[in-house]
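Sequential numbering of the sequence shown, starting at 17, is according to this note's numbering.
Notes follow the structure.
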Amino acid sequence: NLVFAAEKLDVFIRINLTQDDEAEFDQLYSGIIERDLHKSLKAVNIAHVFVPECSRTDVDLESLHYQTYVEIERRERAKAKALGVPMKAFFPFTRVEGCTATCKSSTSIGPDGLLYKCVEDVGLADRAYGTVFDGSDVKLDNLFPWLKYDWFKYEMCKECLILPTCAGGCAHKRLFQSDELQNENFCYWHLRGDLENKLREYALDNIH
17 NLVFAAEKLD
27 VFIRINLTQD
37 DEAEFDQLYS
47 GIIERDLHKS
57 LKAVNIAHVF
67 VPECSRTDVD
77 LESLHYQTYV
87 EIERRERAKA
97 KALGVPMKAF
107 FPFTRVEGCT
117 ATCKSSTSIG
127 PDGLLYKCVE
137 DVGLADRAYG
147 TVFDGSDVKL
157 DNLFPWLKYD
167 WFKYEMCKEC
177 LILPTCAGGC
187 AHKRLFQSDE
197 LQNENFCYWH
207 LRGDLENKLR
217 EYALDNIH
């Protein structure tokens, strides 16, 4: 029960945005308010998603163009804030080691005990680098690409002021989908878009 959990834990609701259904957003906000969940909920996060490299489902999905995502996210942030529903802040923060996949001390564990660096690979046994069981070998070919991932190898990123925030974009897409995606799709803040307005919003909400 989210209402009970939110009283004890930091609870976020993530919406993976693949299509624009304004009525469903309105229904979500109504449900949150009816249950008084907006008083204890940490935040709602409207996330842009790519079509996964290796889909685990038969559902045919297409990613929204980043500009469409920005327009929807901007509209829904304004509506949610007016209703008192907390929305996740997008103010930049510095990343020391990138994401969990490139962080030396992080790992993802599959239900069968296989170890992966990136959660996107869970279920793809040939991408695992080891297991949780004693005596298993470490597949260095599946581990080293993540540990030696270089933020500075991409020319478009080297001089960017946002590099300490985005860490060069999604490492998984760089490693496995680089030939399939437009270059702009790697850039976290280019994808998020509307950065100027988010900074202005943060300033208005937090600086007095």
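Just so you know, even glycine gets a beta-carbon here, dropped at the ideal spot from N, CA and C.
Excluding its 5 nearest sequence neighbours in each direction, A187 has C-beta neighbours in its own chain below 8 Å: G114, C115, A117, T118, C134, W162 and Y165, listed in chain order. DSSP places H64 in the uninterrupted beta strand (DSSP E) bounded by A59 to H64. Counting along the chain, R30 sits inside no alpha helix (DSSP H); it lies in the beta strand (DSSP E) bounded by residues F28 to L33.
For Y132, there is no enclosing alpha helix (DSSP H); the enclosing beta strand (DSSP E) covers residues L130 to Y132. As the crow flies, the alpha-carbon of A39 is around 26 Å from that of F20. Straight through space, the alpha carbons of L159 and C182 are spaced by roughly 21 Å. Spanning the alpha carbons of S152 and R30 requires a straight line of approximately 35 Å. When DSSP reads this structure, I125 sits in a beta bridge with L131. If you look at V101, you'll find it isn't in any alpha helix (DSSP H); DSSP assigns it neither H nor E.
According to the DSSP secondary-structure assignment, T147 is paired through a beta bridge with L130. One Cα belongs to L191, the other to E50, and the distance between them is close to 44 Å. One thing to note: D150 has its Cβ no nearer than 9 Å to the Cβ of R143.
I125 is the residue among F168, I125, E175 and G139 whose C-alpha sits nearest the C-alpha of V148. DSSP places S56 outside both helix and strand once states are collapsed to three, so it counts as coil. Distance from the Cα of I48 is smallest, within the candidate group D37, D36, L33 and F28, for F28. Between L33 and N17, the alpha-carbon positions lie close to 23 Å from each other. Look at K24 here: in three-state DSSP terms it is helix. In summary, V101 is buried, with 16 or more beta-carbon neighbours lying within 10 Å of its beta-carbon over all protein chains present. Looking from the CA of R93, the closest CA among P180, S79, L140 and A59 belongs to A59. In the assembly as shown, L99 is an exposed residue. Its beta-carbon has fewer than 16 other beta-carbons within 10 Å. In summary, G185 is buried, with 16 or more beta-carbon neighbours lying within 10 Å of its beta-carbon over all protein chains present.
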